[in-house]
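Residue numbers for the sequence shown follow my numbering, beginning at 31 and rising by one.
Ideal Cβ placement from N, Cα and C applies to all residues, glycine included.
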Amino acid sequence: NSDPATDANTVQVEMYQFGTIIDGSGSIAPDGSIPVVLPGTSYTGTITVPEGVLLSIYAYGQNDGGGYGIRGDGLETWVRSCKDYSPVVTLDYECGVLNTAEVSFSVDNSTSEVEIRYKLVATDFAGNATTVRDWKTIPAGFTSTIFMEDDADRNMEYSLVVESTYNETVTANSGWGATTEQTYTDCDGEPTAFDPFAQLVVQCETTPPVVYLFLDNTASDFHTQYIVNIFDGPDTSSEKNNGLSSTQNVAQGSIINYPITIPVPDPGKMLTVEILASALSTGGESLTVTSEIYSQAGVNC
């Protein structure tokens, strides 16, 4: 309504979808009022409408006493179907060993109709941001949840940033196609010790002689998983003895006797015992630190 020299009428605006006034009053103003455009001025408004409707907007001259007068310009347009953006994002952490934490996150894009991308950002107490995992994309309708684990530092803020890569995102309303999930790795006062141990003891008094293996986790603050691999030979390249090998979980501060009896090899023969120990959370998920334990025992029965 920018030219009062040729048209001095104040204008009221009304919008319809399929011939029905959208909110019952004709208002399209964000504050709920009917847009009134004075001579020599302009007006811009934003509303939310359903997909797949016919939208009509009309400008009316305003009567002296208020109300709609003669209808002036009008426009109609079909509101096409818009692509759905609905990723499901989770972000969590667990305090780990040696002053580290483990950040776990998932991004499920299975119900979206647009491709998305995500990145993981760490921010320290001074506000310094570091990209831990740079942009990765997930196609629209991806049916599997992406689950990853990253070594992290304690007492850091981690942000999982998700954005739509749909080429019309930049023209949409503010906030569409962007999601941020945050967590703070507050691990002050949490235990950190991880010091698993194993010991081989040869018992010649039994018939036949046997080797006892003790899995000692008394010096650790974490449950520990011991993977015991036994090989019939002088090193780990020898044939593995699957009957003697197994995996055992030992609680924090505990020690157990390996439940499988290990026979002393015949004279001139050798056994190799390899033990891999990994810290476990209370939920049984493996953390990030693994220790390799070497133990030797001379046998002379």
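Cβ of residue i within 7 angstroms of any chain D Cβ
| i | result |
| --- | --- |
| V119 | Considering every chain present, this structure includes no chain D. It has just one protein chain. |
Classification of residue i by the beta-carbon crowding that lies within 10 angstroms, buried from 16 upward
| i | result |
| --- | --- |
| C331 | exposed |
| R101 | exposed |
| I267 | The amino acid at residue 267 is misidentified as Ile; the sequence shows Ser. Exposed: under 16 other Cβ atoms inside 10 Å. |
| P264 | exposed |
| P226 | buried |
| T210 | exposed |
| L84 | exposed |
| V231 | exposed |
| V109 | exposed |
| N272 | exposed |
| I77 | exposed |
| E193 | buried |
| E81 | exposed |
| A249 | exposed |
Counterpart residues of residue i in DSSP-defined beta bridges
| i | result |
| --- | --- |
| D287 | The sequence shown places Asn at residue 287, not Asp. Beta-bridge pairing links N287 to F244. |
| P295 | None, per the DSSP bridge assignment. |
| A159 | T153 |
Inter-residue spacing [alpha-carbon to alpha-carbon] between residue i and residue j
| i | j | result |
| --- | --- | --- |
| F244 | P293 | 15 angstroms |
| T71 | S189 | 44 angstroms |
| Q22 | D154 | Here the chain has residues from 31 to 331 only, and residue 22 is not among them. |
| T291 | I168 | 50 angstroms |
| D216 | M186 | 7 angstroms |
| S111 | F48 | 16 angstroms |
| L105 | Y73 | 15 angstroms |
| P69 | G91 | 11 angstroms |
| E44 | I64 | 8 angstroms |
| V118 | T107 | 33 angstroms |
| V137 | E235 | 59 angstroms |
| K299 | V162 | 50 angstroms |
| A307 | F261 | 17 angstroms |
| G205 | A131 | Caution applies to G205, whose pLDDT of 45 falls short of 50 and renders its modelled position unreliable; the model cannot decide the point. |
| G313 | V280 | For G313, the predicted structure reports a pLDDT of 44, less than 50, and the residue's modelled location is therefore unreliable. The matter cannot be settled from this model. |
| K270 | D164 | 41 angstroms |
| Y98 | G75 | 19 angstroms |
| V200 | N139 | Here the model assigns V200 a pLDDT of 42, short of 50, so the residue's position is not dependable and the matter cannot be decided. |
| A208 | N287 | 54 angstroms |
| P289 | P297 | 24 angstroms |
| T237 | Q282 | 34 angstroms |
| T40 | N93 | 8 angstroms |
Residue i Cβ short of 6 angstroms to the ligand MN heavy atom set
| i | result |
| --- | --- |
| I100 | Looking at this structure, you won't find the ligand MN or any other ligand, since it has none at all. |
Test item: CB-CB of residue i and residue j under 7 angstroms
| i | j | result |
| --- | --- | --- |
| S86 | Y46 | yes |
| D122 | S142 | no |
| F224 | V127 | yes |
| Q42 | V66 | yes |
| E304 | N259 | yes |
| A170 | V144 | yes |
Checklist line | Three CB pairs or more closer than 8 angstroms across the stretch 250-260 and the stretch 234-242 | finding: Contact fails: fewer than three Cβ-Cβ distances are below 8 angstroms.
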